[in-house]
Structure formats: C-alpha cells, structure tokens
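Here is the structure we will look at, set down as structure tokens.
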Amino acid sequence: MRAKYIVILALAVILAAGFLYWQTKHGRVDKSSALKGVVAPVSLKAGLTDDKPVKKIAVGKAYKRPRVAIVVDDFGYSRNNLDLLFSLKQPVTLSILPGQRYTREVADLARARGFEVILHLPLEPEGDGVSEEADTIKTSMSEKEILLCLKKEIELVPGIIGVSNHMGSKATANKTVMTTIIRYLNTRGLYYFDSLTSSRSVCLDVAKSLGVKFAKRDIFLDNSNDTVAIEKQLANLKVMAFKRGRAIAICHDRKNTIAVLTKELPKMAREGIDFVRLSEMVK
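Under the working numbering, the first residue of the sequence shown carries the number -9, and numbering increases by one thereafter.
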C-alpha cells in the first residue's frame, strides 16, 4: 500500500514538472518566477539590464542667467551720443581712441558715471589704401618704436583698465608685434581684449604665454547701420549667450546703435541676461 502511494506521488510530481515545462516553453509563465534562484541573463544593449529604463542624455545646457559684456568702440571723435548712452542702467565698456578731440573728455565723463574705459589702440590693418589713425602701430616698427608709441597712447586715455585693437588685422597676426605690446601691458596691469579683426590673430596664444588677462569678441552688432539689422544681431547675441553662458559683443559710437541699445538692453535684462563690465569677462 505504501509503495502504491509513493508511485502515485512520483507520477504527480512528474506531471506537474511536465506541465510547468510546457507553460514555460510557450511563454505562459514568467521565467524569472518559475526559476527561482536562477540569475537572469543581462542584455548587452547599451550595457543595461532589460528592467532598467535607458536615460536620455542632454546634448546641450541652457543657462538661466548668462553674462554679456558689450564694448562700444571708436569713442573720441565726438560726444554726441554720450547722454543717451549714459541713460543706460546696464553697464557697457567704452573703448576710446587716443589723440582725438574728445578723447580725454569722454574718458573722464564715462568714469565719473561708473562706466569702464579701455584704450582702443590703433594697429596696422591688411590692405593698401586703408585709412589709418595717427600713431598707428605698424609691423615694420622696431620694438623701441612700438613701445614709444604704445606708452604715449596709454597716457592719452586716462583711467583705462585694458586695451583693445582698433583695426589691426595685420598687426594682430604678427607674433613679434603682439608679444611686445602684450608684454608691456602686463607691466602696467592692463588686460587685452582682442577685437578679432583677423582669423589669424595670435593674441590669445601670446596672452596665455605671458599670463596676461584676456578676452575676445564673439559678435559684431552693427556691421550694418540699419536699426533692424542691429536688433537682429542683438537677438543673435541673446541666443548665443543662453547657449554658451556668456558672450562679448562689439558695437560702435553711432546714433542708431546707441538708440537700439537703450531700447533693447533693458528688455534683454528682463529676459534673464546679466550685463557685466568687460573686466568681469577677462581671464
């Protein structure tokens, strides 16, 4: 009798095992629950197991409070646009040409109102017949001649904290000339701002090698004097700033340009742009 029960029990176990095998084979039962203690196979796709979701990787980063510096070039010829510019609540940096009729006056007025002032140093451009400022530093000059001219022009613009190049597509591509200039700026505690008038500029490499604080232009705002074109460039500046986290723009002492700045900069500030002085962007 006992043997009979053992046979019946064995048959029941065999039948149950066969049924379970059939269910598993045909996908009716979760294999992981059916085979307790058996390690599930790992998916080789993306190095993740099947039960873990694949995370999307962010391609870019949007900056909530990007910093923007605006440099206004070519001051010194007149003071016509100063009152409008000084009405701005956002900081801009004035880049002033040496030896012009209003050079010193503009520098003094700007500093008195808390605006940053830099020297807009005339450097030799590419091409023949290009109109140049007096005392433009040329690639044909000796080191002594370059330094004599540089020292003179620094003294002509009071209160500067940095220097940028006016024109200079030829000079800024010349390592000997720019090393002479930037090395001297280092002795005066002045930073160098590259207007980037040439894609062959060596200024960044020279400044790095000498340990001089440096920044470069990212965008020109007013290659066209048309107000709509200037507004479009400001829109491009905004996009650039939110994408990169920072941007530096150059524009010029012109009526249309200053009018657009006074109209658009307050809007951009409300949209999240943090306008700063150029000295806050050099490194």
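Think of the CB as a built atom: it goes at the ideal place given N, C-alpha and C, for glycine as much as any other residue.
If you're wondering where the values come from, they're calculated on a predicted model, not measured in any experiment.
Annotation: the continuous alpha helix (DSSP H) that includes residue 234 extends over 217 to 234. Residue 149 sits close to residue 107, with the two beta carbons spaced by under 8 Å. Distance from the CA of residue 59 to the CA of residue 80, rounded to the nearest whole angstrom, comes to 10 Å. Contact between residue 188 and residue 159 holds, since their C-beta atoms are separated by about 4 Å, short of 8 Å. Spanning the alpha carbons of residue 52 and residue 110 requires a straight line of approximately 33 Å. The residue from 217, 195, 141, 214 with its alpha-carbon nearest to that of residue 180 is 141. Between residue 238 and residue 62, the CB-CB gap reaches or exceeds 8 Å. DSSP places residue 155 within a strand segment (E or B) once states are collapsed to three. For residue 112, the enclosing beta strand (DSSP E) begins and ends at 106 to 113. Around the CB of residue 201, fewer than 16 other CB atoms lie within 10 Å, so the residue is classed as exposed. By the Cβ rule, the region 214 to 225 does not count as touching the region 184 to 198, because fewer than three pairs are nearer than 8 Å.
One alpha carbon belongs to residue 234, the other to residue 174, and they sit about 32 Å apart. At least 8 Å separates the beta-carbon of residue 117 from that of residue 96. Between residue 146 and residue 236, the alpha-carbon positions lie close to 31 Å from each other. Only residues of its own chain outside the window of five on either side were considered, and among them 162, 163, 184 have a CB closer than 7 Å to the CB of residue 191, listed in chain order. For residue 206, the pairing in a beta bridge is given by DSSP as 184.
Between residue 262 and residue 54, the beta carbon gap of about 6 Å places them in contact (Cβ cut-off 8 Å). Taking C-beta atoms as the reference points, residue 100 and residue 87 fail to come closer than 8 Å.
Taking a contact to require three or more Cβ pairs closer than 8 Å, the region 239 to 247 and the region 69 to 78 qualify as touching. The three-state reading of DSSP puts residue 73 in helix, counting H, G and I together. For residue 85, the uninterrupted beta strand (DSSP E) segment begins and ends at 83 to 86. Under the three-state reduction of DSSP, residue 150 is assigned to coil, being neither helix nor strand. The straight-line gap separating the alpha-carbon atoms of residue 232 and residue 130 is approximately 42 Å. Residue 163 sits in a helix when the DSSP states are folded into three classes.
Sixteen is the threshold: since fewer than 16 other Cβ atoms of the shown chains lie within 10 Å of the Cβ of residue 166, the residue is exposed.
Taken through DSSP and simplified to helix, strand or coil, residue 98 comes out as helix. Check the Cα spacing between residue 264 and each of 272, 102, 228: the tightest is with 228.
If you ignore the 5 residues before and after residue 271, its C-beta comes within less than 8 Å of the C-beta of 57, 59, 205, 236, 238, all in its own chain and listed in chain order.
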